[in-house]
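Read the structure below first, then the notes.
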Amino acid sequence: MTAETDRGAADRPQPKPGIDEIVAYVPGRSSVEGVEHPVKLSSNENILGSGPAAREAFLEAAQSLNLYPDSRTMALRAAVAARYRLEPERLVFGCGTDEILGRLVPQVYLEPGDNIVQGEYGFNAYGIGARACQAEVRFAPEPNLRLDVDEMLNCVDERTRLVYVTQPSNPAGTWITADEMARLQAGLPPAVMLVIDAAYAEFCTDPRFTDGLDLARSVSNVIVTHTFSKLHGLAALRIGWGYVPIEAAEAMERIRLPFNTSIAGQAAAIAALDDTAFQAESLALVERWRPWLTQQIGGLGLEVAPSGANFILVRFPTGAGRTAPEAYDFLAERGYIVRAVANYGLPDCLRITIGLEAHNRAVIDLLAEFLERSPR
Ligand SMILES: Cc1ncc(COP(=O)(O)O)c(C=O)c1O
């Protein structure tokens, strides 16, 4: 026994209270034993890869591996501000939007005993960040897997500092209208920040949809985040941005790591913003196959939540004898990795990223085989 292990636990430095109760984020699986090249439909990545301009910019960045990146992200800042008509000084860049949503926002706003409110099935990075600040996480019921403004407002009390909306949601893909978003913001006390995570917003073209930027431009308690990981296909480079009130931008600037985005990430993101052809191709793929998958899966007797994202959530009705975990294994063994979402409180559901035509057709054929019936 070493001197180290000899000591009683009480003598050692202990993580602060609450840390050991946090359930770590579970990333989508990317391999299956015995399957050489599985198709990964578990992390809502861009199935087309990334655009040629972004790849070229990434390769060019290899010339600068010895250099620190621009800490203020000035060139990308200007590009995002111009594209979205935003005030550049209110933009914050992060190591993915994960860093903004799960670290910077909670660290700036949460004290022990405060609380955050999010949807019942909301993305779990928010709760991890809040709990690390010893704040409480409140879950508002989501009837029909869709955020309910009144349920959200009912959860707000005098210790609420942040209200998170995933727009469209993950894992359900559902979304609320611009009118509902405005009603939620109007119903919050002015000191409560509405944080709108628009990671999948580019995949929803319904005119009633909003990514929240209109609100963020006009009121001082709204934050909106956008990522380069999904539509732009740059998940590996870990880069995203938030549009935040000016005081929040100044606070985040003080506490963020000075080099939280890379030269390659910044350069590829600038190129990706301009690559409207790749963006259009990525969106067209989702818009082509999302309704088809929804209809085919419905035809198999399974339920699909109406999705505005690049994935769908499939529910296996209880009592049907064929469960979501069994379907997950069946698909994985045949080379298709989807996402089990029991950790979101949805043990009877699977989340499936929309793939290429061949992937989508294979998933339907396999689900039909699994259910022992043919697609209609
Ligand atoms: C809803 C939602 N928000 C945020 C993120 C984080 O994205 P990133 O950190 O890659 O920007 C994800 C990633 O899957 C997500 O699903």
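Residue numbers (numbering that gives the first Met the number 0): 0 to 375.
Positions of the beta carbon are idealized from the N, C-alpha and C atoms, including for glycine.
Please state whether the Cβ-Cβ distance between residue i and residue j is less than 7 Å.
i, j, result
"G50", "A271", "yes"
"D196", "T159", "no"
"F369", "A326", "yes"
"G239", "R130", "no"
"A134", "V116", "no"
"G241", "V34", "no"
"G128", "P105", "yes"
"L312", "P111", "no"
"A263", "A81", "no"
"V155", "L193", "no"
"L152", "G186", "yes"
"D274", "A52", "yes"
"A331", "V31", "yes"
"E141", "G118", "yes"
"L40", "T352", "yes"
"N123", "R137", "no"
"F315", "D347", "yes"
"Y199", "P167", "yes"
"M251", "V362", "no"
"R89", "I336", "no"
"C132", "L146", "no"
"G232", "N45", "yes"
"T224", "T96", "yes"
"L299", "L366", "yes"
Could you say which of the options lies nearest to residue i if we only look at CA atoms?
i, options, result
"E356", "G297, H231, W288", "W288"
"C94", "F202, M192, S70", "S70"
"L75", "N169, I99, A266", "A266"
"I148", "A171, L183, E35", "In the sequence under discussion, the amino acid at residue 148 is Val, which differs from the Ile named in the question. Of A171, L183, E35, the residue nearest in Cα terms is L183."
"C203", "I175, P188, L187", "I175"
"V303", "I222, F92, T293", "T293"
"P324", "G307, E252, F310, L345", "L345"
"A308", "H36, V136, D205", "D205"
"L66", "S261, A181, R89", "S261"
"L349", "R216, F258, G172", "G172"
"P305", "Q295, L152, P290", "P290"
"I245", "L366, P14, V107", "V107"
"V22", "Y343, H231, A77", "Y343"
"N43", "A250, I363, S228", "S228"
"E179", "V162, I296, S219, R207", "R207"
"A234", "P26, D19, L64, H36", "P26"
"P257", "L103, L299, I296", "L103"
"P87", "A248, I269, R255, E286", "A248"
"L161", "V218, I254, L100, L58", "L100"
"T285", "P14, L47, D19, P37", "Reading the sequence as shown, one finds Val at residue 285 and not Thr. Cα-wise, what sits closest to V285 is L47."
"D213", "M73, A177, P37", "A177"
"L58", "A190, P12, A268, V79", "A268"
"N259", "S219, Q295, P68", "P68"
Where do the N-terminal and C-terminal ends of the alpha helix (DSSP H) with residue i fall, by residue?
i, result
"Y83", "73–83"
"T96", "95–98"
"N359", "356–369"
"V107", "104–108"
"I127", "124–131"
"A331", "323–332"
"F57", "51–59"
"R216", "212–217"
Where does the unbroken beta strand (DSSP E) through residue i begin, and where does it stop?
i, result
"L349", "348–352"
"R137", "135–139"
"I115", "114–118"
"H36", "Looking at the DSSP string, H36 is not in any beta strand (DSSP E), and its letter there is neither H nor E."
"H225", "221–226"
Between residue i and chain C, is there a C-beta pair that is closer than 7 Å?
i, result
"D178", "Absent from the structure: chain C. Only one protein chain is present."
Beta carbon shell of ligand 1 at less than 5 Å from a heavy atom: For ligand 1, the selected residues are G95, T96, D97, F122, T165, N169, D196, A198, T226, S228, G239.
Where in the stretch 239–314 do unbroken runs of the beta strand (DSSP E), each at least 3 residues long, occur, reported from the N-terminal end onward? Counting whole runs of 3 or more residues, the stretch 239–314 contains the beta strand (DSSP E) stretches 239–242, 310–314.
Beta strand (DSSP E) segments (min. 3 residues) lying fully within the stretch 147–199: Whole beta strand (DSSP E) segments, 3+ residues: 159–165, 192–196.
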